[in-house]
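K.L.:
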Amino acid sequence: MELIGLKKIRKQKRYSQLKVAMDLSISREALSYYENGKRSPSVDTLLLLSEYFNVSIDYLITGKEFQKK
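For the sequence shown, counting from 1, position 48 maps to 47 in numbering that gives the first Met the number 0; every step adds exactly one.
Here it is, written out as structure tokens:
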């Protein structure tokens, strides 16, 4: 599963993959894999990324905020 919003928010904030990885104590490679859909993060990692960027998990996955129908 490619995390479209993760890459989008990281670039919007002008953070490098290395900065985010170091801040969250994960490898830069793992972050790259999450962004490109080569690996799916655990629920704990999704929560960590969500809190770090102050966005919803929905946003990290889709690049859009959840909207009620």
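By construction, the Cβ of each residue, glycine as well, lies at the ideal position given by its N, Cα and C atoms.
The structure displayed is predicted, hence computed values, not measured ones.
With burial defined as no fewer than 16 other Cβ atoms inside 10 Å of the residue's Cβ, what is the status of Leu46: buried or exposed?
P.N.:
Sequence index remark: in the sequence shown, residue 46 carries index 47 (1-based). So Leu46 counts as exposed.
K.L.:
Excluding the 5 residues flanking Ser55 on each side, which residues of the same chain have their C-beta closer than 8 Å to its C-beta?
P.N.:
Position 56 of the sequence shown, counted from the start, is the residue given in the question as residue 55. Only Ser49, Glu64, Phe65 meet the Cβ criterion.
K.L.:
Under the assumption that Lys12 contacts Gly62 (Cβ atoms under 8 Å), give the Cβ distance between them as a whole number of angstroms.
P.N.:
What you label residue 12 is simply residue 13 of the sequence shown in a count that begins at 1. What you label residue 62 is simply residue 63 of the sequence shown in a count that begins at 1. Their Cβ separation, rounded to whole angstroms, is 14 Å, which puts Lys12 and Gly62 out of contact at 8 Å.
K.L.:
Helix, strand or coil: how does DSSP classify Phe52 here?
P.N.:
For the purposes of this step, residue 52 is taken as the residue at position 53 of the sequence shown. Residue state, collapsed to three classes: helix.
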